[in-house]
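Protein chains in written order, with the working numbering: chain A, 477 to 629; chain B, 1321 to 1620.
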């Protein structure tokens, strides 16, 4: 299943890029992300706890960043699984500077297996979109706080 | 088709249910009518360790019409709402909506509070409670609060209610004179869920113009929404067929429609437009009938 979308963030491209590459920021902004441990360069192990309605699951996964061109684009591969099923996702993030703001675009392909897929198929697109919305809102808050915390040069 | 093991709790009061919810936290789930939760548990998609059955909390039952407000206990079943004289008088479109949910077995057990908290994006009630501008009472550890329907549905099975809150009541303002409403859906032939469903409310003034238009749409996007473009297009207009058709064209404006194995995004958007036009026409005809009756009564 394809997912795509975009979000305009009120920060420069370098600031957004730095936030997206900071595990501390990701733990605060990715919905349900409990732990993110580096296992190598641009490779992480993650634990995600997520509840959608009565479907509650803990998922263990690996994330890898490839084709990294700062501060423009990166490719993200995520593989994970939990009791309700497994998820494999690959997607590209591109950052486009627009004055003092940055437009983040994402295009990805998600494969879901298990009971998660057989029962949740009709909900999946909507859930992905909603979670992306939650993530970008949190990211927006985070880049705001960072900008406020750093004294102007 | 056998659920995983769980502990079963049967509190008699909302406070007792609340305490259980706080004690067991993430591992607990409130059981209302069980018409969505139990099938998910049987498929083991949902595996709560504690089930808190609020079916014996008597304070959550009952439907009352008082001071121009319809107050529906969260545990009122769809069937009770469909047949309630108070609902039929004050908000007939809610009875009309309840009557087309699932099948008779589901309507006899399923509850309005359970359905709203479950927030399935293809459920029927969300469209109607949005169009009626209903308010929901939520009780949580820090007290009671009310949330307007317009702020409640956030995404698929995602609402403004916190994990430790219980819905206790649904309040609907009683329809003033010269108002008509309708709920229409294109049901999935197997499940009865709405591929698209539209609730429309139209209020007319003495000259027959629209002074009040509310349109709620379910099934189309990842959460039910108010079609504000349609509402704005009709405001202070005479609701003739051309005006309704033009307004209905805005039914899915600014909305990202949800494709799934049952219907494409394009088809859902198409349905939203067609059903909006039909629901608006039916709401208008009903509002005009009320107006005619009112005039006949005042002449007599």
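Idealized CB from N, CA, C, for every residue including glycine.
| Check | Outcome |
| --- | --- |
| Determine, using beta carbons only, whether residue 1415(B) and residue 1522(B) come nearer to each other than 8 Å. | no |
| Hey, would you say residue 1491(B) sits closer than 8 Å to residue 1439(B), going by beta carbons? | no |
| Just curious, the alpha helix (DSSP H) that residue 1336(B) is in, first and last residue? | 1334-1344 |
| Return no unless some Cβ of chain B is closer than 8 Å to the Cβ of residue 605(A). | yes |
| Is it true that the CB of residue 1338(B) sits closer than 8 Å to the CB of residue 1459(B)? | yes |
| Count the other C-beta atoms from every protein chain shown that fall within 10 angstroms of the C-beta of residue 598(A), then say buried if there are 16 or more, exposed otherwise. | buried |
| Roughly how many whole angstroms lie between the Cα atoms of residue 1418(B) and residue 1407(B)? | 10 Å |
| What are the boundary residues of the alpha helix (DSSP H) that includes residue 1381(B)? | It is not in any alpha helix (DSSP H) - residue 1381(B) carries neither H nor E in the DSSP assignment. |
| Can you name, in chain order, every residue of its own chain whose Cβ lies under 7 Å from the Cβ of residue 589(A), other than the five neighbours on each side? | 561, 562 |
| Is there a Cβ of chain A sitting closer than 8 Å to that of residue 1477(B), yes or no? | yes |
| Got a sec: is the Cβ-Cβ distance from residue 1303(B) to anything in chain A below 8 Å? | What the structure shows of chain B is the stretch from 1321 to 1620, and residue 1303(B) is not part of that stretch, so it cannot be assessed. |
| Is the shortest distance between the beta-carbon of residue 1542(B) and the beta-carbons of chain A less than 8 Å? | yes |
| Is residue 505(A) helix, strand or coil when you go by DSSP? | helix |
| Rounded to a whole number of angstroms, what is the C-alpha to C-alpha distance between residue 515(A) and residue 549(A)? | 22 Å |
| Quick one: is residue 479(A) near chain B, going by C-beta distance under 8 Å? | no |
| Can you name the residues of chain B whose CB is closer than 9 Å to the CB of residue 528(A)? | 1475, 1476, 1477, 1478 |
| Under a three-way DSSP split, which group does residue 1520(B) fall into? | strand |
| Provide the residue span of the alpha helix (DSSP H) that contains residue 531(A), from first to last. | Not the alpha helix (DSSP H): residue 531(A) falls in the beta strand (DSSP E), residues 531-545. |
| Using a Cβ cut-off of 8 Å, pull out every chain A residue sitting near residue 1505(B), in sequence order please. | Near residue 1505(B) there are no residues of chain A at all, since even the closest Cβ is about 16 Å away, more than 8 Å. |
| Taking the C-alpha atoms as reference points, what is the distance between residue 1569(B) and residue 1554(B)? | 12 Å |
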